[in-house]
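In the numbering used here, the protein residues as written are 6 to 318. Working notes, structure below.
In structure tokens, the structure reads:
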């Protein structure tokens with residue numbers, strides 16, 4: 006009887022524990038269902054989905070804000086995976102937000118990280134045609150950036166090696182060797198002609214000193230010439246002023262002479278007119294006298310009876 010009572014107690018305790026576990030699970034599930042979510046769509050065409058599954062975490066700044074709801078191939082000729090995620094309603098997802106895959110190197114588990122490059126952009130609410138939810142653009146992960154940088158470095162290294170191989174070709178090596186030999190010969194010749202080079206350098210220094218002295222002399226001569234030119238310029242200005250005054254006087258005198266000549270011309274015209282008139286009168290008198298002298302009889306005996314003219318009786 007005691008054994009049966011003990012089994013009954015144990016069974017009762019197990020049933021109560023199972024009932025409490027079921028109630029706790031139902032409470033948790035009901036509480037989770039009461040969380041408000043917003044749905045978004047992400048198209049991944051460059052990043053691998055390895056390590057992602059339904060229920061995988063969606064994070065922002067390292068904080069879990071949602072989960073992966075579903076995923077499938079986009080189809081329609083697109084080599085991309087269409088993934089729907091749901092995030093907490095108060096999560097600030099901007100219109101320029103980017104989504105990228107972050108993978109744990111140790112465990113291999115992946116999460117989706119959402120970034121907002123510009124916190125001042127408006128919230129993402131627009132739904133594009135033929136889409137159920139707003140679309141978050143695919144970003145570029147740090148691993149991709151590192152891989153691209155390493156690839157670029159490898160490409161640059163290969164180019165450098167190619168150029169080094171071209172530089173160290175047989176022809177270039179021979180040219181470098183010949184150049185070194187020529188430099189050695191030149192160095193030996195310079196050592197042998199050290200005294201001559203010293204004398205040449207001394208001559209160059211002396212010539213430079215002479216040029217310096219000549220430069221000073223030229224500078225002084227230029228200053229003197231400048232002073233002379235300024236003096237000549239002043240004298241030339243005076244001469245020009247005198248010439249201008251003389252020209253003005255000459256112009257005034259010419260104007261006076263012209264006016265006088267014009268007056269004389271007018272007076273001469275009047276005088277010529279009077280003389281012409283007198284000459285005409287004199288001509289008339291001479292003509293009359295000539296007519297009288299043409300008949301001397303009339304002058305001596307006086308005029309007689311005149312003969313009748315034509316048509317007179």
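Virtual Cβ for every residue (Gly too), placed ideally from N, Cα, C.
By alpha-carbon distance to residue 43, the top candidate from 73, 67 and 205 is 73. Counting C-beta atoms within 10 angstroms of its own C-beta, residue 49 has 16 or more neighbours from the protein chains shown and is therefore classed as buried.
With the rule of 3 Cβ pairs closer than 8 Å, the region 90 to 108 counts as touching the region 120 to 129. The region 70 to 154 is shown to contain no whole alpha helix (DSSP H) run of 4 or more residues. For the pair residue 232 and residue 250, the Cα-to-Cα distance works out to about 27 Å. By the neighbour-count criterion, in which a residue is buried when 16 or more other Cβ atoms sit within 10 angstroms of its Cβ, residue 92 is buried. In this structure, the alpha-carbon of residue 116 lies about 8 Å from that of residue 56.
Distance from the CA atom of residue 223 to the CA atom of residue 191, rounded to whole angstroms, is 40 Å.
From the listed residues 70, 29, 46 and 165, the smallest Cα separation to residue 133 is found for 46. When DSSP reads this structure, residue 64 sits in a beta bridge with 69 and 118. Residue 27 has its alpha-carbon roughly 15 Å from the corresponding atom of residue 17. Of 88, 95 and 77, the smallest CA-CA separation from residue 68 is found for 95. Within the region 155 to 235, the complete alpha helix (DSSP H) runs of at least 4 residues fall at 175 to 197. Sixteen is the threshold: when 16 or more other Cβ atoms of the shown chains lie within 10 Å of the Cβ of residue 141, as they do, the residue is buried. Judged by DSSP secondary structure, residue 44 falls within the beta strand (DSSP E) whose first and last residues are 42 to 49.
In the displayed model, residue 261 falls within a helix according to three-state DSSP.
Secondary structure of residue 57 (DSSP, three-state): coil. The DSSP-derived three-state label of residue 52 is coil. Here residue 29 is exposed, its C-beta having fewer than 16 other C-beta atoms within 10 Å.
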